[in-house]
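In what follows, a structure is listed as structure tokens, so that the remarks can point back to it.
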Amino acid sequence: MCVSDNPSATLPSDAPGRFGPYGGRYVPEALVAALDELDREYQAAVADPAFSTELDGLLKSYTGRPTPVTEAARFGAEAAAGARVLLKREDLNHTGSHKINNVLGQALLTKRIGKKRVIAETGAGQHGVATATAAALMGLECVIYMGEEDTRRQALNVARMELLGATVVPVSTGSRTLKDAINEALRDWVTNVDTTNYVFGTVAGPHPFPTLVRDLQRIIGVEARQQVLELTGKLPNAVAACVGGGSNAIGIFHAFIDDADVALYGFEAGGDGVETGRHAATISAGTPGVLHGARSYLLQDEYGQTIESHSISAGLDYPGVGPEHSWLRDSGRAHYRSVTDAEAMEAFRLLCRTEGIIPAIESAHALAGARHLGAELGPDAVILVNLSGRGDKDVDTAARWFGLLEGDAP
Amino acid sequence: MTTLAVFEKARAEGRAALVGYLPAGYPTADGAIDALKAMIDAGVDVVEVGLPYSDPLMDGPVIQAAVEAALRQGINTRDVLRTVEAVASTGAPVLVMSYWNPIDRYGVDAFTRDLAAAGGAGAITPDLIPDEAGEWLPAARRHDLDTVFLVAPSSTDERVAFTADACRGFVYAASTMGVTGTREQVGDAAAGLVERTRRVTDLPVAVGLGVSNAAQAAQVAGFADGVIVGSAFVRPLLEADDAAAGARAVAAVAADLAQGVRQR
Chain A
1 MCVSDNPSAT
11 LPSDAPGRFG
21 PYGGRYVPEA
31 LVAALDELDR
41 EYQAAVADPA
51 FSTELDGLLK
61 SYTGRPTPVT
71 EAARFGAEAA
81 AGARVLLKRE
91 DLNHTGSHKI
101 NNVLGQALLT
111 KRIGKKRVIA
121 ETGAGQHGVA
131 TATAAALMGL
141 ECVIYMGEED
151 TRRQALNVAR
161 MELLGATVVP
171 VSTGSRTLKD
181 AINEALRDWV
191 TNVDTTNYVF
201 GTVAGPHPFP
211 TLVRDLQRII
221 GVEARQQVLE
231 LTGKLPNAVA
241 ACVGGGSNAI
251 GIFHAFIDDA
261 DVALYGFEAG
271 GDGVETGRHA
281 ATISAGTPGV
291 LHGARSYLLQ
301 DEYGQTIESH
311 SISAGLDYPG
321 VGPEHSWLRD
331 SGRAHYRSVT
341 DAEAMEAFRL
351 LCRTEGIIPA
361 IESAHALAGA
371 RHLGAELGPD
381 AVILVNLSGR
391 GDKDVDTAAR
401 WFGLLEGDAP
Chain B
1001 MTTLAVFEKA
1011 RAEGRAALVG
1021 YLPAGYPTAD
1031 GAIDALKAMI
1041 DAGVDVVEVG
1051 LPYSDPLMDG
1061 PVIQAAVEAA
1071 LRQGINTRDV
1081 LRTVEAVAST
1091 GAPVLVMSYW
1101 NPIDRYGVDA
1111 FTRDLAAAGG
1121 AGAITPDLIP
1131 DEAGEWLPAA
1141 RRHDLDTVFL
1151 VAPSSTDERV
1161 AFTADACRGF
1171 VYAASTMGVT
1181 GTREQVGDAA
1191 AGLVERTRRV
1201 TDLPVAVGLG
1211 VSNAAQAAQV
1221 AGFADGVIVG
1231 SAFVRPLLEA
1241 DDAAAGARAV
1251 AAVAADLAQG
1261 VRQR
């Protein structure tokens, strides 16, 4: 925290929470004390061996880590131009996605701080389910904010959260999706900050969330790097992940950042196609600005009003992105591309048929990206894909897309 | 008259200043201008013109409803500056209340230049803390604009001092932890926060969030230099049958509150 007596003082360039020009803390003053407290408690926890012992124990005995890397030989041969495709199986985590990695850490932090209530936003419901799960495990009151549109798209996850004892609040303002759920959660936090910790779900938001969530998700890449080395004797040529807010992507990218020969690819939700304007391709088609407490790329109009995003995937349907991704993009270390709904659903279908794995539609964007990478890099390439979640929650959406429900046209 | 001079005049009269908020563009651009002028005629000393924003995370349902409606009608930053210009012609200090991204997107230099040219007195920035105001503060000073930041009950003494130091015009003390909207009671934390703020600055300290009637205004005027009212002005506009009725209702609320700030 840079507090100076000089009102025109600028933040030093190495300010915590800055990624190049991105990140920072664009929040109401009322939240600063809580963000400082969270940051302090996190630094203390990192330095406390008891914290990492407890977290590591939960990740092993409760979540099921380490998650395996699966060679997707048929998918590679039939769908990715013969490239060797390896899947990091975050879908096999308890609760069905990588979100639990972050949530267990933040729930333990909540207990350290001594707060009894947690709130969270959710898009697809994965983060909400993970938060409700951790809250049940640790005896915390839990309120989840979810866009009304998303409660409809992901009704099963709403039921899961309620079964776990959480209260789900549908948000009917704005676009009624993830962005508005975050606004409402922030309003709750400003009001109840004395008793409540905000368990933020992705690597966006004000400092310390982008760093905190990244550090808690970093285990994905740390494990995967070692697993790929053991399996293939070398590092992968490319790492592919879907990017909404970007937590699973940062999680798998981070351990590879110093490996200059490993190309990093983030695949954003192209919706109906970037050219149609109906998409969620924030880095591919957005501009830098401030949303939800951080400077980063975002979808905005010429007056700085947020533009509503569109994606078949509720978890990627967000007009912002984590600030570290913006910096990885500008610095050229990672590349960001978009994948349309149709491409993602085709990859979804192909993985089901070739590997017997039903992926989350979010993760299917990374699979679609890997298909393009296979064609570009050729059959000698090894492509590591973060299979960030499983598709149980998406069966209804997929069944409609493929016309499998009674009454649907085939 | 400058914002500071208006506060000093009120102080000389033995009362608190009354600060009123309405968003630009609601019910229409002209309707908002009429309501803002009616507010001034009825006794509001300083006005805040809200810049409608798609993600108003410090605002409760009343203000959200009005700004969403204004945005649906296509109100933009240029319209807001035209609103400032029209209202500033009354002579009352006019501050823009804006979340940071619309100013950032317009361009900090361009925004401060155009706000000053429109006769605006300055801006209140609810989601910009001085820590992030490295570009904003020098630009605002260059154009002689007030910079009003918020202090909150949760602010440490160190942060109250840091924030007050970056303010010009007045310091905005949030009465309670929460978002905008009328409340039964003004938070107990408000008086303590005003006292802590006064210890570190000579600037006037105005209290906002939750004040809606003359009795609350009188209570706040007992310990603060200014009383800031928003949702209580917006609600009658939302409920009015037409713009003229809305402006009359706003004037009635203003007259009531103007009595309140004189009853401390």
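Heads up: the sequence lines are chains A and B, in that order.
Heads up, the final residue of the first sequence is numbered 410 in this note's numbering, and it's a clean run with no missing numbers.
Heads up, the final residue of the second sequence is numbered 1264 in this note's numbering, and it's a clean run with no missing numbers.
C-beta: ideal position from N, C-alpha, C; glycine also.
No experiment lies behind these values; they were computed from the predicted model shown.
About 6 angstroms separates the CB atoms of D341 (chain A) and G271 (chain A); that is less than 8 angstroms, so the two are in contact. Residue nearest to A360 (chain A) within the set A:C242, A:S311, A:V395, A:G391 is A:G391 (criterion: CA-CA distance). With a contact defined as Cβ atoms closer than 8 angstroms, I1124 (chain B) and E1008 (chain B) miss out at about 19 angstroms.
Taking C-beta atoms as the reference points, T1077 (chain B) and L1051 (chain B) count as a pair closer than 8 angstroms. For A1092 (chain B) against I1033 (chain B), the beta-carbon gap comes to about 13 angstroms, at or over 8 angstroms, which does not count as contact.
In this structure, DSSP gives G374 (chain A) a helical state, which the three-state scheme calls helix. Interface criterion met: the Cβ of A1174 (chain B) is under 8 angstroms from a Cβ in chain A. Nearest in C-alpha terms to T1028 (chain B), of all of B:V1067, B:T1002, B:M1058, is B:V1067. Per DSSP, T1176 (chain B) lies in no beta strand (DSSP E) segment and is marked neither H nor E. Under DSSP, P288 (chain A) shares a beta bridge with A:Y297. Listed in chain order, the positions of the segment 155-179 of chain A with a beta carbon within less than 8 angstroms of a beta carbon of chain B are T173, G174, K179. Between V143 (chain A) and T167 (chain A) a beta carbon distance of about 5 angstroms is seen, short of the 8 angstroms cut, so the two are scored as contacting.
In the structure shown, H310 (chain A) adopts coil according to DSSP, grouped into three states. Under the Cβ criterion of 8 angstroms, T191 (chain A) is counted among the residues facing chain B.
DSSP places V339 (chain A) in the uninterrupted beta strand (DSSP E) bounded by 334-340.
Contacts between T306 (chain A) and chain B, judged by CB atoms closer than 9 angstroms, involve Y1053, S1054, D1055, N1101 in chain order. Counting only runs of 3 or more residues that sit fully inside the segment 110-196 of chain A, the beta strand (DSSP E) segments are 117-122, 141-147, 167-171, in chain order. Considering only B:A1252, B:R1262, B:V1171, the residue with the shortest C-alpha distance to Q1219 (chain B) is B:R1262.
Residue ranges of uninterrupted beta strand (DSSP E) with 3 or more members, entirely inside the segment 1061-1132 of chain B and ordered along the chain, are 1094-1097, 1122-1124. For K1037 (chain B), there is no enclosing beta strand (DSSP E); the residue is part of the alpha helix (DSSP H) that begins and ends at 1029-1041. Spanning the alpha carbons of S313 (chain A) and V1151 (chain B) requires a straight line of approximately 39 angstroms. A straight-line Cα-Cα distance of about 6 angstroms links V1148 (chain B) and F1170 (chain B). Counting C-beta pairs closer than 8 angstroms gives three or more between the segment 16-34 of chain A and the segment 293-306 of chain A, which meets the contact rule. Burial state of R152 (chain A) is exposed, judged by a 10 Å Cβ sphere holding fewer than 16 other Cβ atoms. According to the DSSP assignment, K1009 (chain B) belongs to the alpha helix (DSSP H) that extends over 1003-1012.
Secondary-structure assignment with DSSP links A238 (chain A) through a beta bridge to A:A263, A:I383.
Just so you know, the alpha carbons of I257 (chain A) and E346 (chain A) end up roughly 30 angstroms apart. Between the alpha carbons of G1226 (chain B) and A1038 (chain B) lies a gap of roughly 19 angstroms. For the segment 20-41 of chain A, the beta-carbon criterion of a distance under 9 angstroms to any beta-carbon of chain B is satisfied by G24, R25, Y26, V27, P28, E29, A30, L31, V32, A33, A34, D36. Using a 10 angstroms sphere on the CB of S172 (chain A), the tally of other CB atoms stays under 16, which defines it as exposed. According to the DSSP assignment, H279 (chain A) belongs to the beta strand (DSSP E) that extends over 278-280. With a threshold of 8 angstroms between beta carbons, N1076 (chain B) makes contact with chain A.
By the rule that beta-carbons nearer than 8 angstroms mark a contact, D1144 (chain B) does not touch chain A.
For R187 (chain A), the neighbours in chain B by C-beta distance under 7 angstroms run, in chain order, L1057, V1179.
The C-beta distance from Q305 (chain A) to S1098 (chain B) rounds to 12 angstroms, too long to meet the 8 angstroms contact threshold. In summary, the residues of the segment 264-295 of chain A whose CB is separated from some CB of chain B by less than 7 angstroms are G289, V290, L291, in the order they occur in the chain.
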